[in-house]
Amino acid sequence: SQKIEQNSEALNIQEGKTATLTCNYTNYSPAYLQWYRQDPGRGPVFLLLIRENEKEKRKERLKVTFDTTLKQSLFHITASQPADSATYLCARRNQAGTALIFGKGTTLSVSS
Amino acid sequence: DGGITQSPKYLFRKEGQNVTLSCEQNLNHDAMYWYRQDPGQGLRLIYYSQIVNDFQKGDIAEGYSVSREKKESFPLTVTSAQKNPTAFYLCASMPGQGNTEAFFGQGTRLTVV
Chain A
1 SQKIEQNSEA
11 LNIQEGKTAT
21 LTCNYTNYSP
31 AYLQWYRQDP
41 GRGPVFLLLI
51 RENEKEKRKE
61 RLKVTFDTTL
71 KQSLFHITAS
81 QPADSATYLC
91 ARRNQAGTAL
101 IFGKGTTLSV
111 SS
Chain B
1001 DGGITQSPKY
1011 LFRKEGQNVT
1021 LSCEQNLNHD
1031 AMYWYRQDPG
1041 QGLRLIYYSQ
1051 IVNDFQKGDI
1061 AEGYSVSREK
1071 KESFPLTVTS
1081 AQKNPTAFYL
1091 CASMPGQGNT
1101 EAFFGQGTRL
1111 TVV
């Protein structure tokens, strides 16, 4: 079965540094991967989508990469701020293409 | 404003009771989903529906039931057969298959008392 894994449960960094979060997938390569942000007690909010033929995608201070050889996506937040503290979730479509499956998430804490 | 609305925000259930969680969307999306979130477990798929009057089981459907009588609505019933129902429940919708993102509601926190 397809799996999606976010190996780090928590990541603590200082303000101004770059946060790098990892998402690994198993089995076949998904057509695309998605990243979401979730604040405590709230629903996830979509951030970025990257297709397998795209090496890199950027949106403001966010950057996502997709490496089909390593079966991995990296999510970077540059010049991190305390307001970036949240849980970040990686997602892919299931094999039938009918639903999204999510990793367990990485909780980022940015200290000032 | 378009969006997806879950109610109630907090729900308390007694042992042996069925409870129904509401999910309504005005985004005109075909597909709707229910996920359960427990600490350290991430989001797990309960049920989903690609079209009105049709739905499929997800990974953890036991003890839950759904209906999809209208495009806008996808209620989830947590039955007494669900032995550990205390969790955060999230409803989502998507336009359909393809390269599209999911839109989530604000969640319902269900607690068994």
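Listed in order, the protein sequences are those of chains A and B. The opening residue of the first sequence carries number 1 in our numbering; numbering runs sequentially from there. The opening residue of the second sequence carries number 1001 in our numbering; numbering runs sequentially from there. Quick reminder that beta carbons are idealized off the backbone N, C-alpha and C, glycines included. Just so it is clear, the structure is predicted and the values come from calculations on it, not from any experiment.
Presumed contact (8 Å Cβ cut-off) between residue i and residue j, rounded CB distance
i	j	result
L33(A)	C23(A)	7 Å
L1110(B)	L1011(B)	5 Å
G1040(B)	K17(A)	Incorrect: roughly 25 Å between the Cβ atoms, too far for contact.
A1087(B)	D1038(B)	5 Å
Burial state of residue i (16 or more Cβ within 10 Å)
i	result
R58(A)	exposed
R51(A)	exposed
Q1025(B)	buried
V64(A)	buried
T106(A)	buried
L70(A)	exposed
Q1006(B)	buried
Q1017(B)	exposed
V1019(B)	buried
A6(A)	According to the sequence as given, residue 6(A) is Gln; it is not Ala. With 16 or more Cβ atoms within 10 Å of its Cβ, Q6(A) is classed as buried.
Local conformation of residue i per DSSP, three classes
i	result
A83(A)	helix
N24(A)	strand
E1101(B)	coil
Q1025(B)	strand
T1108(B)	strand
N12(A)	strand
K57(A)	strand
L47(A)	strand
Cβ of residue i within 7 Å of any chain A Cβ
i	result
A1102(B)	yes
Y1048(B)	yes
G946(B)	Outside the displayed range of chain B (1001 to 1113) lies residue 946(B), so it cannot be described from this structure.
G1096(B)	no
G1107(B)	yes
Beta carbon proximity, residue i to chain B, threshold 7 Å
i	result
L100(A)	yes
K104(A)	yes
Closest Cα partner of residue i within the set the options
i	options	result
L1027(B)	R1013(B), K1071(B), K1014(B), K1009(B)	K1071(B)
G1042(B)	G1016(B), P1075(B), I1060(B), S1049(B)	I1060(B)
L1065(B)	R1036(B), P1039(B), L1090(B), T1077(B)	Per the sequence shown, the amino acid found at residue 1065(B) is Ser instead of Leu. When each option's Cα is compared against that of S1065(B), the closest is T1077(B).
Q113(A)	R92(A), P30(A), F66(A), S85(A)	Chain A is shown from 1 up to 112; residue 113(A) falls before or after that span and cannot be answered.
Q72(A)	E54(A), K17(A), L108(A)	E54(A)
Q1056(B)	A99(A), N7(A), E5(A), S29(A)	A99(A)
Q81(A)	S8(A), S111(A), L47(A), T69(A)	S111(A)
E56(A)	F75(A), F46(A), L47(A)	F75(A)
K1009(B)	G1107(B), K1083(B), Q1037(B)	G1107(B)
L49(A)	A1102(B), P1095(B), Y1048(B)	A1102(B)
R1068(B)	G1058(B), N1084(B), E1062(B), D1030(B)	D1030(B)
C117(A)	F66(A), P40(A), N27(A), A96(A)	No information on residue 117(A) is available, as it lies outside the stretch 1 to 112 that chain A covers here.
Where residue i meets chain E, residues with beta-carbon distance less than 7 Å
i	result
Q95(A)	The question asks about chain E, but that chain is absent: this structure's protein chains are A and B.
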